[in-house]
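Mapped onto the numbering used here, the consecutive letters of the sequence shown carry residue numbers 11 to 414.
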Amino acid sequence: MNAPTTDILKQHLIDPVICIRCNTCEETCPIGAITHDSRNYVVDPAICNGCNACIAPCPTGSIDNWRRVRRTEAYSLDAQLEWDELPEEQDVGDDQAAPVAGADFSPPPVDATRGSVVAPGSASRPAVNVYTLRQPATATVAGNFRVTEVGREYDTHHVVLDFGSVPFPVLEGQSIGIIPSGADARGRPHHARQYSVASPRDGERPRYNNLSLTVKRVTSDHDGQPVRGEASNYVCDLAKGDTVKVIGPFGSTFLMPDDPATHLLMVCTGTGSAPMRAMTERRRRLRKPGDGRLMLFFGARTQAELPYFGPLTQLPKDFIDINLAYSRTPGQPKKYVQDLMRERAADVAALLRDPLTHLYVCGLKGMEDGVMDALRYAADSHGLSWKELHPRLRAEGRLHLETY
Ligand code: A2P
C-alpha cells in the first residue's frame with residue numbers, strides 16, 4: 011500500500027527525559043528503525059513505518075511520542091542524539107499528517123514479539139513511573155555485599171536501598187532506575203540505568219521499606235573491549251549510608267501471578283537472576299502445602315561467578331527444582347541453560363502442558379533463541395505442539411522475556 015501523500019509527517023520520537031535506555035524498543039522494532047548511542051535512543055524517520063510494535067513493550071512510555079513536522083524538516087538522527095528533551099510541537103498547518111516517512115505503511119506485525127505484552131491474569135496491579143528524572147526519590151544504601159566469589163575479576167553486588175518514610179511500591183519483576191551522581195564528559199547529568207528488583211514486594215527485609223538489586227560491575231563491552239560502566243561501577247562502589255537518586259518503578263507485564271497454585275518456570279543467566287530471586291522469595295515467604303511448582307534454570311560461567319550460589323543451595327528441594335548450567339568450569343563440558351532444559355525436557359513439557367504454568371526468561375540476549383528452541387523441543391517431543399502453545403502462552407500473559 012502506498013503512503014498517504016502529504017507534506018506533513020507524524021514523526022515518531024523517544025522522550026530522552028523518561029527513557030531508561032533499556033534497549034527494549036530497539037530489540038522489538040522488526041525493521042531496525044531504532045538505534046542508540048551512549049546517550050539517546052532515536053527513531054530513524056526514513057525507516058520507521060509506524061507499525062507500533064515498540065509501543066506496548068516500553069516500560070516507561072517514553073516511546074509513545076509524536077511530533078507533526080514538515081517531511082523535509084523531519085528531525086534527523088543526529089539531531090535526536092543531541093537532545094536532552096523533546097522539542098515543542100511546531101505549527102505546521104492543518105494538513106493531515108501521515109504517520110510514517112517510509113513508502114510502505116504496513117499493519118502492526120502481530121508476531122513482532124515472542125513474549126507476552128500483557129501481565130499474568132492474577133498479577134497485582136503495578137505502580138509505574140511514580141518517581142521521574144525531574145522528581146526522583148532518594149534512597150539510603152542499607153547494605154552492599156558481593157554475591158560472587160571474592161577475588162575474581164567478575165564482580166556482582168547485592169545492594170539494599172532503604173526508602174525510609176517515602177513510599178516506593180514495587181512488585182517482583184519490576185525494575186527501577188538509578189541516576190549516578192556527577193556529570194558526563196560534556197557536563198550533562200548521567201542518565202538513569204535500569205536494574206531489576208531482586209527482592210519481593212514486602213521488602214528485602216519483610217515489612218521494611220527497602221528493596222535490593224543485583225548489579226554486575228561492567229568492565230568490558232559486548233565485544234570484550236575494556237570499558238567502565240558508569241552506573242554499574244557507581245552502584246557497586248556505594249557504601250552503607252550513601253544516598254542515591256532513584257526513579258521508577260518500571261514494568262507492567264513481567265510480573266508474577268498472585269495465584270499460589272500457579273507454577274513458575276524460570277530461566278536466567280547472571281544478573282538476570284534478580285527477578286527470579288524476587289519471585290522465588292515471594293513464594294518462599296508465603297509457602298503452604300498445595301502451592302504450585304518452581305523450576306529454575308540458571309546459567310553462569312562457573313560456580314564462583316553464579317550470584318547467590320550459597321543461598322540458592324539452601325532452598326528446600328521440594329520447594330524449587332534448581333538446574334545450574336556452567337559454561338567455563340575447567341575440565342567440564344560447556345553447558346548453557348538451554349542444554350539443561352533439553353536434558354530435562356520431560357519435566358519442562360509436564361509444566362508446559364499445565365495451564366497454570368508461567369514462564370520467565372531473563373538475562374543475555376544471546377540465550378533467547380536457544381531457550382525458545384529448547385521449549386519447542388520439549389513441547390514437540392512430548393506430544394504438545396509448540397506452534398499452538400506459544401501464541402497461547404503469549405496471549406495469556408504466561409511467557410515473559412527480558413533480555414539485554
Ligand atoms: P559463556 O561462557 O559462553 O560466556 P555472563 O557471565 O557473561 O553474564 O554470562 C552468563 C552465562 O551465560 C555464561 O555462562 C555465558 O557463557 C552464558 N551464555 C553466553 N551466551 C549464551 C547463549 N547464547 N545462550 C545461553 N547462555 C549463554
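Quick reminder that beta carbons are idealized off the backbone N, C-alpha and C, glycines included.
Minimum C-alpha distance to residue i - residue among the options
i, options, result
"residue 211", "90, 205, 222", "222"
"residue 130", "255, 96, 374, 263", "263"
"residue 202", "43, 227, 146", "146"
"residue 285", "142, 56, 168", "168"
"residue 219", "257, 177, 48, 93", "177"
"residue 338", "87, 32, 164, 31", "164"
"residue 404", "127, 328, 226, 185", "127"
"residue 159", "336, 237, 398, 317", "317"
"residue 298", "24, 289, 170, 329", "329"
"residue 37", "252, 68, 56", "68"
DSSP bridge partner residues for residue i (one or two, in chain order)
i, result
"residue 335", "309"
"residue 258", "141"
"residue 172", "150, 220"
"residue 75", "23"
"residue 51", "46"
"residue 199", "193"
"residue 206", "185"
"residue 412", "372"
"residue 80", "18"
Own chain partners of residue i with C-beta closer than 6 Å, once the 5 adjacent residues on each side are dropped
i, result
"residue 371", "277, 381, 411"
"residue 292", "182, 210"
Exposure label - residue i; buried when at least 16 CB within 10 Å
i, result
"residue 303", "buried"
"residue 54", "buried"
"residue 194", "exposed"
"residue 205", "buried"
"residue 155", "exposed"
"residue 415", "Residue 415 cannot be examined here, being either before or after the span of the chain that is shown, 11 to 414."
"residue 226", "buried"
"residue 184", "buried"
"residue 237", "exposed"
"residue 12", "Only weak support is given to the placement of residue 12: the predicted model assigns it a pLDDT of 40, under 50, and the value that follows is read from those uncertain coordinates. Residue 12 is exposed by the Cβ-count criterion."
"residue 230", "exposed"
Proximal residues to residue i (C-beta, below 8 Å), its chain only, five neighbours per side dropped
i, result
"residue 361", "273, 275, 303, 305, 367"
"residue 271", "300, 301, 302, 366"
"residue 397", "none"
Neighbourhood of residue i by C-beta distance below 7 Å, restricted to the same chain and skipping five residues each side
i, result
"residue 137", "179, 259"
"residue 121", "Since pLDDT at residue 121 reaches only 47, below the 50 mark, its modelled position is unreliable, and the value read off the structure follows with that caveat. So the list is empty, once near-sequence residues are dropped."
"residue 345", "335, 336, 337"
heavy atom of ligand 2 below 7 Å from residue i C-beta
i, result
"residue 377", "This structure simply doesn't include ligand 2; it includes ligand 1 instead."
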